[in-house]
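Data first, discussion second: the structure below is written as structure tokens.
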Amino acid sequence: MGVVAMAKVKETTGIVGLEVVPNAREVLISLYGRTLKEIQAVPENEGYRKAVESFTRHRLQVCLEEEGWEMIEKRIGCGQVEELVEEAQDELKLIAKMIGPLHLPPPPPSPPIYFYWINLSFYCFHFF
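The numbering used here puts the first residue of the sequence shown at 1174, with every later residue one more than the last.
Spelled out as structure tokens, the structure:
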């Protein structure tokens, strides 16, 4: 008779307002894939891009290698999988903000500022 392995089901995160994501592994794999795709719009020499690519590749690799949420949390070491989902979603929002200015036209030149010199020695001021 074969033994059927049952995955441990997470009932709560223990964090108010943070709901359990039952398919967190699949969600993380999808989010990390999108992150690696969207970060390509940031110039290669930017430190932000290098950092995001590095930790996202690592986290994606862990998610691909591990089946259970407990091992994913343990190996990544940055909180619960639900927190990792929120972080990945926030990273995608930040990438959109980072690349947004790259696609905008340059601002119009500001008008010149003129300074006027007034020779006050012509005027006599007596205060007493």
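By construction, the Cβ of each residue, glycine as well, lies at the ideal position given by its N, Cα and C atoms.
*asked:* Suppose the cutoff is 7 Å on Cβ atoms and the five residues either side in sequence are ignored; what does the same chain contact list for Leu1249 look like?
replied: For the purposes of this step, residue 1249 is taken as residue 76 along the sequence shown, with counting starting at 1. Checking the displayed sequence, the identity of residue 1249 turns out to be Ile instead of Leu. Within the same chain, Ile1249 has close Cβ partners Arg1232, Val1235, Leu1257.
*Are at least three pairs of beta-carbons, each pair with one atom in the stretch 1208-1228 and one in the stretch 1193-1200, less than 8 Å apart?*
no
*How far does the alpha helix (DSSP H) with Val1258 in it reach, from first residue to last?*
Taking the first residue of the sequence shown as position 1, residue 1258 is located at position 85. Start and end: 1254-1272.
*Thinking Glu1226 and Leu1209 are a contact (beta carbons under 8 Å), I'd like their distance in whole angstroms, please.*
On the sequence shown, position 53 is the one that residue 1226 refers to. On the sequence shown, position 36 is the one that residue 1209 refers to. Yes, they are in contact, since the Cβ atoms of Glu1226 and Leu1209 sit about 7 Å apart, within 8 Å.
*Cβ atoms of Thr1186 and Gln1253: under 7 Å apart, would you say?*
On the sequence shown, position 80 is the one that residue 1253 refers to. On the sequence shown, position 13 is the one that residue 1186 refers to. Yes; because the gap between Cβ atoms is below 7 Å, this pair is in contact.
*Run through DSSP, which three-state label would Cys1236 get?*
For the purposes of this step, residue 1236 is taken as the residue at position 63 of the sequence shown. Helix, per DSSP.
_Quick test of your reading: Ile1272 and Val1215, contact by CB under 8 Å. State the CB separation rounded to the nearest angstrom._
As a working mapping, residue 1272 is identified with position 99 in the sequence shown. As a working mapping, residue 1215 is identified with position 42 in the sequence shown. With a Cβ gap of about 6 Å, Ile1272 and Val1215 count as contacting.
*Which of the three DSSP states, helix, strand or coil, is assigned to Met1174?*
What you label residue 1174 is simply residue 1 of the sequence shown in a count that begins at 1. Confidence is the limiting factor: at Met1174 the pLDDT is only 49, short of 50, which leaves the residue's position unreliable and the question unanswerable from this model.
_Taking a contact to mean a Cβ-Cβ separation below 7 Å, would you say Glu1238 touches Ile1245 in this structure?_
Residue 1238 sits at position 65 when you count from the first residue of the sequence shown. Residue 1245 sits at position 72 when you count from the first residue of the sequence shown. No.
*Could you check which residue in Val1189, Ile1212, Cys1251 has the C-alpha nearest to that of Glu1264?*
Here residue 1264 corresponds to residue number 91 of the sequence shown, with the count starting at 1. For the residues Val1189, Ile1212, Cys1251, the minimum Cα distance to Glu1264 belongs to Ile1212.
*Which of helix, strand or coil does DSSP assign to Leu1191?*
Taking the first residue of the sequence shown as 1, we reach residue 1191 at position 18. Of the three classes helix, strand and coil, the one that applies to Leu1191 here is coil, per DSSP.
_Secondary structure of Glu1246, DSSP reduced to three states_ = As a working mapping, residue 1246 is identified with position 73 in the sequence shown. It is helical.
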